[in-house]
Amino acid sequence: MALFNYATKEVTLKIVYYGPGLSGKTTNLQYLHSLIEPEKRGKLISLATEADRTLFFDFMPVELGKIKDFSIRFQLYTVPGQVRYNATRKLVLKGADAVVFVADSQRQMLQENLESLNNMRENLLANNIDPDDIPVVMQYNKRDLPDILSVEELNSALNKKRYPYFEAVAIRGEGVKETFQEITRILLKHISQKHRIDITEERPPVEEMIKTGERAEPAPQRKEVREDIALLIQEMKETMKRVEESLKDGSDIRSTLQHIEMQIKGLKEALHESNKKHDDILKILRDIRNAIDRAKVKRRWLLFR
Numbered sequence: 464m465a466l467f468n469y470a471t472k473e474v475t476l477k478i479v480y481y482g483p484g485l486s487g488k489t490t491n492l493q494y495l496h497s498l499i500e501p502e503k504r505g506k507l508i509s510l511a512t513e514a515d516r517t518l519f520f521d522f523m524p525v526e527l528g529k530i531k532d533f534s535i536r537f538q539l540y541t542v543p544g545q546v547r548y549n550a551t552r553k554l555v556l557k558g559a560d561a562v563v564f565v566a567d568s569q570r571q572m573l574q575e576n577l578e579s580l581n582n583m584r585e586n587l588l589a590n591n592i593d594p595d596d597i598p599v600v601m602q603y604n605k606r607d608l609p610d611i612l613s614v615e616e617l618n619s620a621l622n623k624k625r626y627p628y629f630e631a632v633a634i635r636g637e638g639v640k641e642t643f644q645e646i647t648r649i650l651l652k653h654i655s656q657k658h659r660i661d662i663t664e665e666r667p668p669v670e671e672m673i674k675t676g677e678r679a680e681p682a683p684q685r686k687e688v689r690e691d692i693a694l695l696i697q698e699m700k701e702t703m704k705r706v707e708e709s710l711k712d713g714s715d716i717r718s719t720l721q722h723i724e725m726q727i728k729g730l731k732e733a734l735h736e737s738n739k740k741h742d743d744i745l746k747i748l749r750d751i752r753n754a755i756d757r758a759k760v761k762r763r764w765l766l767f768r
């Protein structure tokens, strides 16, 4: 919800970056943070867990300066991608004025994108926000990876509402600034029409916030991805240990756990191979996570048998 201070003529607007885990939401904010002049941005606050780099949110206040007579301030948030943090995602969406949906372009991530998009709509409704009356921009990230869906395929599956969309390689900053410029433009137009105040311009002065005379460094994503994967391995090993300790009997489950252990061992080896592709590692991770979920289901069935 836009916060107006008519006495000081200030407007605070909240933009939430939504999407599945590791789709590039945090990378977008990191890159924007590196681009924006220090005096026009606050500190980037990131709360991390063992399983996901962002537990609650990444938060970055951005001062746009004045448009007409109003001072504009954006608050940028991301949400955790993992399903188990849905309560947190819902909380972060509360009072949102606009959403950037960051989709992972990889073909194998289509289902996760769809689930996250549907979850976003559900959580907007839970916060009494009309999903059809909030500015949304789609970003199709990871366009540099192999086996990606075409823009036409992504629009057909994810963009039935025909939102503005941008292709991106967030780790290199490609498409990040353009996405931010578009969401701020349509948000200011939306707020101006909704509240009948004149705060729009043909081109919002987002460019004025960008550093001049120097090249921003891309977010150091690849190293962080490796760190995230190492933390995921640790979490999965702990989960496997808890499941095993709670077993009363059932060789079927133990064989599943042995299979998980072998997958984790293979993944640790893959992390040390310089030619191992990022998407291959993520596929192994998904296989491990699915195996753990199956083990948990079998355990619950045993306890109630």
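Under our numbering, the first residue of the sequence shown is numbered 464, with each subsequent residue one higher.
Note that CB positions come from ideal geometry on N, CA and C, so glycine has one too.
Every value quoted in this text rests on a predicted model; they were computed, and no experiment measured them.
task = Sort Ala465, Gln538, Leu476, Asn468 by Cα distance to Leu492 and report the nearest one.
result = Comparing C-alpha distances from Leu492 to each of Ala465, Gln538, Leu476, Asn468 shows the shortest one belongs to Gln538.
Length of the line joining the Cα atoms of Tyr494 and Phe643 = A direct Cα-Cα distance of roughly 11 angstroms separates Tyr494 from Phe643.
inquiry  = Under DSSP, the alpha helix (DSSP H) around Asn622 begins and ends at which residues?
reply    = Boundaries for Asn622: no alpha helix (DSSP H) harbours it, and the DSSP string shows neither H nor E there.
Distance between Tyr469 and Leu573 (C-alpha atoms, nearest Å) = Between Leu573 and Tyr469, the C-alpha separation is close to 44 angstroms.
request  = Would you mind reading off the limits of the beta strand (DSSP E) that contains Leu650?
outcome  = Annotation for Leu650: no beta strand (DSSP E) segment contains it, though the alpha helix (DSSP H) segment containing it runs 639–658.
inquiry  = Can you tell me whether Ile478 is helix, strand or coil according to DSSP?
reply    = Ile478: strand per DSSP, three-state reduction.
ask   = Using DSSP with H/G/I as helix, E/B as strand and the rest coil, what is Asn604?
value = The answer is strand: DSSP assigns Asn604 an E or B state.
inquiry  = Would the stretch 638–653 count as touching the stretch 543–551 if we require 3 or more Cβ pairs under 8 angstroms?
reply    = Result no; under three Cβ-Cβ pairs closer than 8 angstroms.
request  = Sort Leu498, Ile592, Val565, Glu473 by Cα distance to Ser534 and report the nearest one.
outcome  = For the residues Leu498, Ile592, Val565, Glu473, the minimum Cα distance to Ser534 belongs to Glu473.
task = Just mark Pro501 as buried or exposed, buried being the case when its beta carbon has 16 or more other beta carbons within 10 Å.
result = Residue burial annotation: Pro501 is exposed, with fewer than 16 other C-beta atoms found within 10 angstroms of its C-beta.
task = Measure the CB-CB distance between Arg635 and Asp610 and report whether it falls below 8 angstroms.
result = In this structure, Asp610 does not lie closer than 8 angstroms to Arg635 by Cβ.
key: As assigned by DSSP and simplified to three states, the class of Thr489   = In this structure, Thr489 counts as helix in the three-state DSSP scheme.
ask   = Is there contact between the stretch 621–630 and the stretch 652–661, where contact requires at least three CB pairs shorter than 8 angstroms?
value = These segments do not touch.
task = Give me the Cα-Cα distance between Leu580 and Leu617, rounded to the nearest whole angstrom.
result = Leu580 and Leu617 have their C-alpha atoms some 12 angstroms from each other.
key: beta strand (DSSP E) runs contained entirely in the stretch 531–607, provided each spans 3 or more residues   = 533–541, 561–567, 599–604, all fully within the stretch 531–607.
query = Apart from the five residues just before and just after Lys477, which ones in its own chain have a Cβ nearer than 6 angstroms to its Cβ?
reply = Contacts found: Gln538, Gly558, Ala559, Asp560.
query = Glu578: buried (16+ other C-beta within 10 angstroms of its C-beta) or exposed?
reply = Burial state of Glu578 is exposed, judged by a 10 Å Cβ sphere holding fewer than 16 other Cβ atoms.
task = State the Cα-Cα distance for the pair Ile508 and Asn604, rounded to the nearest angstrom.
result = Distance between the alpha carbons of Ile508 and Asn604: 22 angstroms.
task = Look at the Cβ atom of Val614, then the Cβ atom of Val563, and state whether they are nearer than 8 angstroms.
result = Against a cut-off of 8 angstroms, the Cβ pair of Val563 and Val614 comes out as no contact.
ask   = Given Glu680, which residues of its chain have a CB within under 8 angstroms of its CB, disregarding the five upstream and five downstream residues?
value = For Glu680, the predicted model reports a pLDDT of 49, less than 50, meaning its position is unreliable; a value from the coordinates is still stated below. Cβ neighbours of Glu680 within its own chain (closer than 8 angstroms, five residues either side excluded): Ser497.
key: Exposed unless 16 or more other CB atoms sit within 10 angstroms - verdict on Met464   = Classification for Met464: exposed.
query = Pick from Pro598, Asn576, Lys503, Leu651: whose alpha carbon is nearest that of Lys488?
reply = The shortest Cα separation from Lys488 among Pro598, Asn576, Lys503, Leu651 belongs to Asn576.
ask   = Across which residues does DSSP place Tyr628 in a beta bridge pair?
value = According to DSSP, Tyr628 bridges with Met601.
ask   = Looking at the structure shown, is Lys529 part of a helix, part of a strand, or coil, going by DSSP?
value = Annotated three-state conformation of Lys529 is strand, per DSSP.
ask   = What span of residues does the beta strand (DSSP E) with Leu466 cover, start to end?
value = DSSP places Leu466 inside the beta strand (DSSP E), whose first and last residues are 466–468.
ask   = If you drop the 5 nearest sequence neighbours on each side, which residues of the same chain put their C-beta closer than 6 angstroms to that of Leu466?
value = Sequence-distant Cβ neighbours of Leu466 in its own chain, meaning closer than 6 angstroms and more than five residues away, are Thr475.
ask   = When the distance is taken between beta carbons, is Lys506 closer than 8 angstroms to Glu526?
value = In this structure, Glu526 sits away from Lys506, with a CB-CB distance that is not shorter than 8 angstroms.
key: Reference Ile597; option with closest CA among Ile649, Ala566, Lys553   = For the set Ile649, Ala566, Lys553, the Cα lying nearest the Cα of Ile597 is the one of Ile649.
ask   = Within this structure, are the beta carbons of Leu621 and Asn590 separated by less than 8 angstroms?
value = Not in contact: Leu621 and Asn590 (Cβ atoms no closer than 8 angstroms).
task = Would you decide whether Leu587 is buried or exposed? Buried here means 16 or more other CB atoms lie within 10 Å of its CB.
result = Counting of Cβ neighbours within 10 angstroms places Leu587 among the buried residues, the total reaching 16 or more.
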